[in-house]
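Visitor: Following this message is one structure expressed as structure tokens.
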Amino acid sequence: MIKFLSEMQAWGDNIAFRILDGDSSINISFQQYGEMVQKCAYNLNQLTDGLKGKRVGIYCDSSCEYTMLVAAIMFSRAVAVPFNIRESIDNILYEVENAEIDYLVVDNDLVEEDSIKAKVLLLSDVFKSNGEKVELKDFSEEEKDSNVLMIYTSGTTGKPKGVVLSVGNIFGYRKSMYDENAPFEKLEGLRVYTNFPYYHIGGINGWITHFELGVTTYISKNPSNVLSDLEGETIDSAIVTPATLNLWKKTVSRGRMDRLGGAKLLVSAGAPVDITTVELFMEHGISYGQYYGMSESCGNITSNFDCKNHLKSVGKADPSVEVIIEDGEICVKGPGVMQEYYKNPEETEKTIINGVLHTGDLGYVAEDGYVYITGRKKNLIILSGGENVSPEELENALYKCEYVFECKVYAEDDRIGTTIYTDEENSETVLSFITELNSTLPIYKRIYRKNIQNVPLEKTASGKIKR
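The sequence shown begins at 1 in full-length UniProt numbering and counts up by one.
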């Protein structure tokens, strides 16, 4: 039996969530959390024709209640489908229809009810306090292949794809959190701040892992208060988005270490973090770690908590995960590999071959087991002369210029081009940098097309630059 609920209850009065809101805070124990999930499940079943076997979409702000809602849906033997609130309305409507959503839980009027093909439920009704609750049971071993979660990946091109995850993918194996290089001897009661949204696999993975290990999760009620909320608080670690790390870099540079809550370790995932940012934290006595994973792998593939010695690596394969390199591509075997892309057999067959997940990332495994990413297979530029050019390699070179805020490299008329975001007064400096860079490159890699703009590049809902 998969003992998530029983393990959660075993932590009893220990604090599961500490919700920070300026000068005030709210603690929710594991016992209280479990009861709230049961009440949520009762209300959901009352508001619907019964949840079992249904698909329930969630279009709400990330919060503690969000995780309760996901748990109530999954343990009612339904499929939870979190939607990214930063996604465009057109994509949300596409995802709701593509996922064949029966019910959509919303916490505001961001989506007009007439425009969606699902019954809309208000979050306030789902969490209405009436004292009633329903008994929920852990999943049996026989249920490990049952699908309980679907997460849409935005990608940098094309329509979003629904990643289908089973009980076994999510709960069937103990996920790692920190390895022997992390500065902690005990995980129970560890105080970890996070602002990874719970519509992201990283957020869901973190929530479940914290509950399995008895970790106390700190979150901000208002995400924009990420700096002020930790003043006066004491945490051990923080698992935050790369954007937050960049914000904290400025904070540390100004000597405001108190705004990090005394964290001994900062961890990030989801996008590369500038090496100078990591080095700054380490100079101030803060360790750094990172996870590498994707929705299709149900979270972590590798973890790196020895960045001091392996700064450019995404780490070693997690327990139960095997990393294989096939034709230069990072591939993965393990219990987290998704079931399929929903209603998309063609893409599923391209991505999972003989049980092996093809990540689309190019890279290699060093002799010491550390994994390095060198680029994206889909992004690889093949010129008419047969030469292969990795755009990421050139982008990393461009980012060495401090005035290149954002950039992307592509092919145009069989020549390499780039679009760069910088400020107007430094445009000429950037162009001079490219000229100097070109002098060090082979002719086929040189950047000929230069598009300089003074506004940020267009991004996906997950914050990645669109190709």
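Using N, Cα and C, we set each Cβ at its ideal position, and we do this for glycine too.
Please name the residue or residues paired with PHE241 in a DSSP beta bridge.
Guide: Here the sequence assigns Thr to residue 241, which means Phe is not the residue at that position. Answer is none; THR241 lacks a bridge partner.
Visitor: For TYR218, list the residues DSSP reports as bridge partners.
Guide: For TYR218, which the question treats as bridged, DSSP gives the partners ARG18 and TYR193.
Visitor: Between the C-alpha atoms of THR217 and GLY262, what's the straight-line distance to the nearest angstrom?
Guide: Going by the C-alpha atoms only, they are around 15 Å apart.
Visitor: Taking the alpha carbon of GLU411 as the reference point, which residue from ARG446, PRO319 and LEU187 has its own alpha carbon closest?
Guide: Reading off the sequence shown, one finds Ala at residue 411, where the question assumed Glu. When each option's Cα is compared against that of ALA411, the closest is ARG446.
Visitor: Helix or strand or just coil, what does DSSP make of THR418?
Guide: Looking at THR418 - three-state DSSP - the assignment turns out to be strand.
Visitor: Do VAL105 and VAL79 come within 8 Å of each other at the CB atom, strictly closer than that value?
Guide: Taking 8 Å as the Cβ cut-off, VAL79 and VAL105 do not qualify as a contacting pair.
Visitor: Run through DSSP, which three-state label would ARG254 get?
Guide: Correct three-state label for ARG254: coil.
Visitor: Ignoring anything shorter than 4 residues or poking outside the stretch 90-177, list the alpha helix (DSSP H) runs there in chain order.
Guide: Entirely contained in the stretch 90-177, the alpha helix (DSSP H) runs reaching 4 residues are, in chain order, 123-126 and 167-171.
Visitor: By a C-beta neighbour count over all protein chains shown, 10 Å radius and 16 as the cutoff for buried, is VAL148 buried or exposed?
Guide: Counting Cβ neighbours within 10 Å, VAL148 comes out buried, since at least 16 surround it.
Visitor: Could you compute how far the alpha carbon of residue 503 sits from the alpha carbon of GLU425?
Guide: The structure shown does not extend to residue 503, since the chain is modelled only from 1 through 467, so no value can be given for it.
Visitor: So GLY315 packs on GLN290, CB below 8 Å; how close in whole Å?
Guide: Right, their Cβ atoms sit about 7 Å apart.
Visitor: By alpha-carbon positions, which one of ILE465, SER303 and TYR42 ends up nearest to GLY131?
Guide: Among ILE465, SER303 and TYR42, the Cα nearest to that of GLY131 is on TYR42.
Visitor: What does DSSP give as the partner residue(s) for MET294 in the beta ladder?
Guide: The partner list for MET294 (beta bridge, DSSP) reads GLY299.
Visitor: DSSP beta-bridge partners for LEU457?
Guide: The partner list for LEU457 (beta bridge, DSSP) is empty, contrary to what the question assumes.
Visitor: Alpha carbon to alpha carbon, how far is ILE416 from SER295? Give it in angstroms, no decimals.
Guide: The alpha-carbon atoms of SER295 and ILE416 are separated by roughly 31 Å.
Visitor: I need the straight-line Cα distance from LYS377 to ASN14, nearest angstrom please.
Guide: When rounded, the distance between both Cα atoms is 45 Å.
Visitor: So with Cβ pairs under 8 Å, would you call LEU457 a contact of chain B?
Guide: Judged by its chain identifiers, the structure shown contains no chain B, having just a single protein chain.
Visitor: Can you tell me which residues form a DSSP beta bridge with CYS331?
Guide: CYS331 is bridged to ILE324 and HIS358.
Visitor: Report yes or no: do three or more beta-carbon pairs, one from the stretch 183-201 and one from the stretch 131-140, lie closer than 8 Å?
Guide: No, the stretch 183-201 does not touch the stretch 131-140.
Visitor: Among THR302, ALA99, VAL134 and MET74, whose alpha-carbon lies nearest the alpha-carbon of ILE373?
Guide: Selected option, being the one with the closest Cα: THR302.
Visitor: Using the rule of at least 16 other Cβ atoms within 10 Å of the residue's Cβ for burial, across every protein chain shown, is GLU340 buried or exposed?
Guide: The residue is buried, with at least 16 neighbouring Cβ atoms inside 10 Å.
Visitor: How about CYS60 and LEU123: are their beta carbons less than 8 Å apart?
Guide: Contact: yes.
Visitor: Taking 8 Å as the cut-off, decide whether the C-beta atoms of SER427 and ILE443 are in contact.
Guide: In this structure, ILE443 does not lie closer than 8 Å to SER427 by Cβ.
Visitor: What first and last residue would you give for the beta strand (DSSP E) that runs through ALA80?
Guide: Segment 79-82, the beta strand (DSSP E) holding ALA80.
Visitor: Quick one: is THR67 buried, meaning 16 or more other Cβ sit within 10 Å of its Cβ, or exposed?
Guide: It counts as buried.
Visitor: Which residues does DSSP pair with GLU406 in a beta bridge?
Guide: Beta-bridge pairing links GLU406 to TYR421.
Visitor: Is PRO391 near the ligand PLP, with its Cβ less than 7 Å from a heavy atom?
Guide: The model depicted lacks the ligand PLP and carries no ligand whatsoever.
Visitor: Whether or not the stretch 170-181 and the stretch 31-40 are in contact is what I'm after, with contact meaning three or more pairs of Cβ atoms, one per stretch, closer than 8 Å; do they touch?
Guide: No, the stretch 31-40 does not touch the stretch 170-181.
Visitor: Would ASP179 and PHE281 be called neighbours here (beta carbons separated by less than 8 Å)?
Guide: The answer is no: Cβ separation not under 8 Å.
Visitor: With DSSP as the reference, identify every bridge partner of LYS312, one or two as the case may be.
Guide: In the DSSP output, where bridge partners are listed per residue, LYS312 has none listed.
Visitor: If we call anything under 8 Å between Cβ atoms a contact, is LEU115 one with LEU93?
Guide: First, the residue type needs correcting, since residue 115 is Ser and not Leu in the sequence shown. Cβ atoms of SER115 and LEU93: closer than 8 Å.
Visitor: At which residues does the beta strand (DSSP E) containing ILE28 begin and terminate?
Guide: From DSSP, the beta strand (DSSP E) with ILE28 extends over 24-29.
Visitor: State the CB to CB distance for the pair ASN195 and ILE219, rounded to an integer number of angstroms; the pair is presumed to be in contact (CB under 8 Å).
Guide: About 7 Å; that satisfies the 8 Å criterion.
Visitor: If you measure between the beta carbons of GLU387 and VAL409, is that distance less than 8 Å?
Guide: No, the pair does not count as a contact, with Cβ atoms beyond the cut-off.
Visitor: Tell whether a beta-carbon distance below 8 Å holds between GLY375 and LEU383.
Guide: Contact: no.
Visitor: Mind reading off the beta-carbon distance from ASN337 to ILE325? Whole number of angstroms is fine, and I expect it under 8 Å.
Guide: It is Val, not Asn, that sits at residue 337 in the sequence shown. Not a contact, Cβ separation roughly 17 Å.
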